[in-house]
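All remarks here apply to the structure that follows.
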Amino acid sequence: MCCQCNGPQSDLSLLENVLTEYANVPGSLIAILQKAQDIYGYLPKDVMYHIAQRIGTSPAEVVGVATFYSQFRLTPIGKYLIMACQGTACHVNGSKRVGEAVAKYLEIENGETTADGLFTLENVACLGCCSLAPVIMINGEAYGNLTPESAIAIIKDIQAKEAQA
Amino acid sequence: MRIVIGEGSCGVAAGASKVRSAIEALMNDNESFTLGSTGCIGMCFLEPIVDLYDDEKNLINRLVRVSPDDAAAIIETARTGDFSHVEKLVISDEDEEFLTKQTRIALRHCGLIDPTSLEDYCNADGYEALKKVLTSMTPEEVIEEIKVSGLAGRGGAGFPTWFKWNAARQSAGENKYLICNADEGDPGAFMDRAVIESDPHTLIEGMLIGAYAIGACEMIVYVRAEYPLAIVHLEEAIRQAREANLLGKNILGTDFSCDMRIKAGAGAFVCGEETALIESLEGKRGMPRLKPPFPAQKGYMDAPSNINNVETFANVSWIINNGGAAFAAMGTENSKGTKVFALTGKIRKGGLVEIPMGKTLRDVIYGIGGGIRDGKQFKAVQMGGPSGGCIPAELLDTVIDYKALGATGAIMGPGGMVVMDESTCMVGMAKFFLDFTALESCGKCTHCRIGTKRMQEILTRIVEGEGKEGDIELLEELCIAVKDGALCGLGQTAPNPVLTTIRYFRDEYVAHIVDKKCPTKECPALRTYYIDADKCKGCTLCARNCPAKAISGAVKNPHVIDPSLCIRCDQCRKACKFDAIYMD
Numbered sequence: 009m010c011c012q013c014n015g016p017q018s019d020l021s022l023l024e025n026v027l028t029e030y031a032n033v034p035g036s037l038i039a040i041l042q043k044a045q046d047i048y049g050y051l052p053k054d055v056m057y058h059i060a061q062r063i064g065t066s067p068a069e070v071v072g073v074a075t076f077y078s079q080f081r082l083t084p085i086g087k088y089l090i091m092a093c094q095g096t097a098c099h100v101n102g103s104k105r106v107g108e109a110v111a112k113y114l115e116i117e118n119g120e121t122t123a124d125g126l127f128t129l130e131n132v133a134c135l136g137c138c139s140l141a142p143v144i145m146i147n148g149e150a151y152g153n154l155t156p157e158s159a160i161a162i163i164k165d166i167q168a169k170e171a172q173a
Numbered sequence: 158m159r160i161v162i163g164e165g166s167c168g169v170a171a172g173a174s175k176v177r178s179a180i181e182a183l184m185n186d187n188e189s190f191t192l193g194s195t196g197c198i199g200m201c202f203l204e205p206i207v208d209l210y211d212d213e214k215n216l217i218n219r220l221v222r223v224s225p226d227d228a229a230a231i232i233e234t235a236r237t238g239d240f241s242h243v244e245k246l247v248i249s250d251e252d253e254e255f256l257t258k259q260t261r262i263a264l265r266h267c268g269l270i271d272p273t274s275l276e277d278y279c280n281a282d283g284y285e286a287l288k289k290v291l292t293s294m295t296p297e298e299v300i301e302e303i304k305v306s307g308l309a310g311r312g313g314a315g316f317p318t319w320f321k322w323n324a325a326r327q328s329a330g331e332n333k334y335l336i337c338n339a340d341e342g343d344p345g346a347f348m349d350r351a352v353i354e355s356d357p358h359t360l361i362e363g364m365l366i367g368a369y370a371i372g373a374c375e376m377i378v379y380v381r382a383e384y385p386l387a388i389v390h391l392e393e394a395i396r397q398a399r400e401a402n403l404l405g406k407n408i409l410g411t412d413f414s415c416d417m418r419i420k421a422g423a424g425a426f427v428c429g430e431e432t433a434l435i436e437s438l439e440g441k442r443g444m445p446r447l448k449p450p451f452p453a454q455k456g457y458m459d460a461p462s463n464i465n466n467v468e469t470f471a472n473v474s475w476i477i478n479n480g481g482a483a484f485a486a487m488g489t490e491n492s493k494g495t496k497v498f499a500l501t502g503k504i505r506k507g508g509l510v511e512i513p514m515g516k517t518l519r520d521v522i523y524g525i526g527g528g529i530r531d532g533k534q535f536k537a538v539q540m541g542g543p544s545g546g547c548i549p550a551e552l553l554d555t556v557i558d559y560k561a562l563g564a565t566g567a568i569m570g571p572g573g574m575v576v577m578d579e580s581t582c583m584v585g586m587a588k589f590f591l592d593f594t595a596l597e598s599c600g601k602c603t604h605c606r607i608g609t610k611r612m613q614e615i616l617t618r619i620v621e622g623e624g625k626e627g628d629i630e631l632l633e634e635l636c637i638a639v640k641d642g643a644l645c646g647l648g649q650t651a652p653n654p655v656l657t658t659i660r661y662f663r664d665e666y667v668a669h670i671v672d673k674k675c676p677t678k679e680c681p682a683l684r685t686y687y688i689d690a691d692k693c694k695g696c697t698l699c700a701r702n703c704p705a706k707a708i709s710g711a712v713k714n715p716h717v718i719d720p721s722l723c724i725r726c727d728q729c730r731k732a733c734k735f736d737a738i739y740m741d
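From first to last, the protein sequence lines stand for chains E and R. The working numbering puts the first residue of the first sequence at 9, with every later residue one more than the last. The working numbering puts the first residue of the second sequence at 158, with every later residue one more than the last.
Have a look at this one:
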């Protein structure tokens, strides 16, 4: 089934093993979407349509699930995913200022990716490292006790490393 | 000697991996000591933590706030047995009280065993309770023991656990499911994360006992995706349990067969609600169902299901080993046993605190947490996350008990306890929580979907200086409407932060709405910046730092801020070396 979206065509064969394992297991749509996102980095439209066809449901059903859960991304992300924790403990300890400083420095808003494709910024509800508030996590590595200045310094470090590579 | 590094998520975030690398880099091939790992002991304010054990597994010294630079000293101590090298790292007597004042049942193994070692767990009486249950107790006797203990749901609802197990047991059906709610969606709560990361077998054992009691042969743990380390440790523990015939067919050679799988959440706060969780397990949008029917009658795949929180299960094997009466001996008349709290915010000593019900909030915040940081004043403690409320200073002696806490307008909740000081704007906190719940509302119920959005809009107007007379009354009216019209706990409790802040901090609302002032100066839109002409040296630093070009003045002359251009970013005040800029 072609979704006729005129978007980039994904290599659907990459998903074959996952679909073989899960297509006939009831209730496994979320698991399939999670594995698809691991493979493609996000959920392209044609991939979602393909999943719908293979598990025997409507594209609306699949997209409905994909848009319900915050883990699923419908657009590609940058090389570094910056998750800025805006949970209660972080909020009380000034996480809003840290998030705003990072957004301002990178010139992107929450949910956006920098033009060079390096960084995506996402405000998240809680990373569970509350005693080190405010916390950001970059590609799974947590940085705590931040100030706006120290957060920007961490990003500058990454930029310097990328420039050298 | 054995060097054990605390490598739970908090430890790693504080730098424990770097400490490990530094120690490993200095180790030779044939050292007399060994290097091990443990989970989260819950003394987050002291991480990274390195424990030194003797060969009889006794703890000799606990080293705290360890940095990679301390590796050489630690290795020297481990090689020579001379502790003078690490003297300055040893935990102080005062800080040790953080642990010794606690009563740990759910957290009894956390930070003390290697979470990836089944042997460690078994040496700590692991799986003795399961053996006792499978060889000498009927399911009805297990339920009776839980009834005697008074164990109530630790996820926040506080519903008697024995009742839910019994209801699932009584339901007709071949396939029954035991489900663990490890979604832990409350921002500021990480009790369950600590248990799964640091003591996964306690969860498996507790769940197996529950599965035996209700007659389930399949167990599912729904863990939020944001806890990758917990998932890794639990997967390993499941694999070990299967290998040891503790999971799967004919467990420990008995007739009881039961297996376990993990289902990762995908980021939805509402999936902490049990029926939404079930929808999510079934691969659908996590939208709650009407109750009745209750999950005990019609749950996962329409089969009888029992859902309990991680902490609830973590108490089960202790209760079986020590008896329900021993658990019930702790606590108050209607809240038995202990409760784990995640103490965070403006607290001096933040971390995990487990204490018997019946202690007071003051016992936790001051007695164990050491009070407020930086010499500031306590203002409120938020309990129960977005479903809870802010409890003010005059209620610090409230007893930790489901009823007593409910009477304040807050709730016990799953355990998040965020402490606030005089600099926290309570109207801002209400807005913070509504930003969260309005976003997380699943959308099914009109009152919740639209009501939370409207409350969020009103609170946003108020903190931006556009509050109107009648806003407080309008908020109160909306709160009642949302509570009444919502199908599930998310909508029913979303108004709580607003109701409690209006109840205890009404004057702050009035200041925002009528005076257009934020008493704590936290709300940027309600701040006005001034330059004190007497202190200003005319150095122009502020003007050069101002992104809005709102400051004018000649060199060496007092400068002036134009309030109509000022965006209240605070850069000028931070830049000024003469303390000449202030907010009002």
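All residues carry an ideal CB built from backbone N, CA and C; glycine is no exception.
Along the chain, which unbroken stretches of the beta strand (DSSP E) at least 3 residues long are found entirely within the stretch 375 to 405 of chain R? 375 to 380
How close, in whole Å, do the beta carbons of Leu591 of chain R and Val655 of chain R come, if the pair is a contact with beta carbons under 8 Å? 7 Å
In chain R, which residues lie with their C-beta within 9 Å of the C-beta of Ala150 of chain E? Ser166, Cys167, Val169, Ala170, Ala171
Which residues, in chain order, does the stretch 34 to 60 of chain E contribute to contact with chain R at a C-beta distance below 7 Å? Gly35, Ser36, Leu37, Ile38, Gln42
Please check the pair Gly247 of chain R and Ala230 of chain R, which I expect to be a contact at CB under 8 Å, by giving their CB distance rounded to whole angstroms. It is worth fixing the name first, because residue 247 of chain R is Val in this sequence and not Gly. Between Ala230 of chain R and Val247 of chain R the Cβ distance is about 11 Å, and since that is not below 8 Å, they are no contact.
Only counting the same chain, and skipping five residues up and downstream in sequence, which positions put a Cβ closer than 7 Å to that of Glu285 of chain R? Asn478
Starting from the C-beta of Ile206 of chain R, find all residues in its chain whose C-beta is less than 6 Å away, skip the five residues before and the five after it, and write them out in chain order. Gly163, Val221
According to a CB-to-CB cut-off of less than 7 Å, which residues of the stretch 122 to 134 of chain E neighbour chain R? Ala133, Cys134
Quick check on this structure: which residue in R:Ile688, R:Ser241, R:Asp554 has the alpha carbon closest to the alpha carbon of Cys733 of chain R? R:Ile688
Among R:Glu362, R:Gly502, R:Tyr384, R:Ile262, which residue has its Cα nearest to the Cα of Ala394 of chain R? R:Glu362
Interface residues of chain R facing Gly64 of chain E [CB-CB closer than 8 Å]: Correct list: empty, because the minimum Cβ distance to chain R is about 12 Å.
For a cutoff of 8 Å on Cβ pairs, would you count Ala499 of chain R as touching chain E? yes
Apart from the five residues on each side of it in sequence, which residues of its chain come closer than 7 Å, Cβ to Cβ, to Ser194 of chain R? Val161, Ile162, Glu164, Asp271
Along chain R, in chain order, which residues have C-beta atoms closer than 7 Å to that of Ser139 of chain E? Cys167, Cys201, Phe202, Thr501, Gly507, Gly508
Phe470 of chain R, buried or exposed, once every other Cβ within 10 Å from all chains shown has been counted against 16: buried
For chain E, find out if any of its Cβ atoms is closer than 8 Å to the Cβ of Arg396 of chain R; answer yes or no. no
Which whole-angstrom value is the C-beta distance of Glu345 of chain R and Ile568 of chain R, which I expect to be below 8 Å? Position check: residue 345 of chain R holds Gly in this sequence, whereas Glu was assumed. That pair is no contact at about 14 Å.
Contact set between Ser78 of chain E and chain R, taken where Cβ atoms lie within less than 8 Å: Ala423, Gly424, Ala425
Would you report the Cα separation of Gln172 of chain E and Ile162 of chain E, rounded to the nearest angstrom? 16 Å
Quick check on Tyr50 of chain E: buried or exposed, where buried means 16 or more other Cβ atoms within 10 Å of its Cβ? exposed
Would you say Ala96 of chain E reaches chain R, if we count a Cβ-Cβ gap shorter than 8 Å as a contact? In the sequence as presented, Ala is not what sits at residue 96 of chain E; that position holds Thr. With 8 Å as the cut-off, Thr96 of chain E counts as an interface residue toward chain R.
Can you tell me where the alpha helix (DSSP H) holding Phe426 of chain R begins and where it ends? That residue, Phe426 of chain R, is in no alpha helix (DSSP H); it is neither H nor E in DSSP.
Assess, as a yes-or-no matter, whether the stretch 514 to 528 of chain R is touched by the stretch 550 to 564 of chain R under the definition of 3 or more beta carbon pairs within less than 8 Å. yes
Can you tell me which of R:Arg311, R:Thr295, R:Leu183 puts its alpha carbon nearest to the alpha carbon of Ala368 of chain R? R:Thr295
Taking 7 Å as the limit between beta carbons, can you name the residues of its chain near Met9 of chain E, skipping five residues before and five after? Residue confidence for Met9 of chain E is low, a pLDDT of 48 falling below 50, so the modelled location carries little weight and cannot support an answer.
With 8 Å set as the bound, which would you pick, yes or no: does the beta-carbon of Val106 of chain E sit closer than that to a beta-carbon of chain R? no
Counting along the chain, where does the beta strand (DSSP E) carrying Asp208 of chain R start and finish? 207 to 210
Taking the alpha-carbon of Phe347 of chain R as reference, which of E:Cys138, E:Thr155, E:Val132 has the nearest alpha-carbon? E:Cys138
Within 8 Å of any Cβ in chain E, is that where the Cβ of Gln539 of chain R sits? yes
Residues, ordered as in the chain, of the stretch 375 to 402 of chain R that lie near chain E by beta-carbon distance below 8 Å: Ala382, Glu383, Tyr384, Pro385
Hey, would you say Glu430 of chain R sits closer than 8 Å to Leu386 of chain R, going by beta carbons? no
Just verifying my parser: in three-state terms, what is the DSSP assignment at Arg261 of chain R? coil
Within chain R, partners of Val100 of chain E - CB distance below 7 Å: Gly502, Lys503, Val575, Met577, Thr581
Compute the beta-carbon to beta-carbon distance between Gly481 of chain R and Ser293 of chain R, rounded to the nearest angstrom, for a pair I have assumed lies under 8 Å. Actually they are not in contact, since the Cβ atoms of Gly481 of chain R and Ser293 of chain R sit about 15 Å apart, beyond 8 Å.
Which one of R:Ile718, R:His358, R:Met574, R:Asp691 has the shortest CA to CA distance from Arg265 of chain R? R:His358
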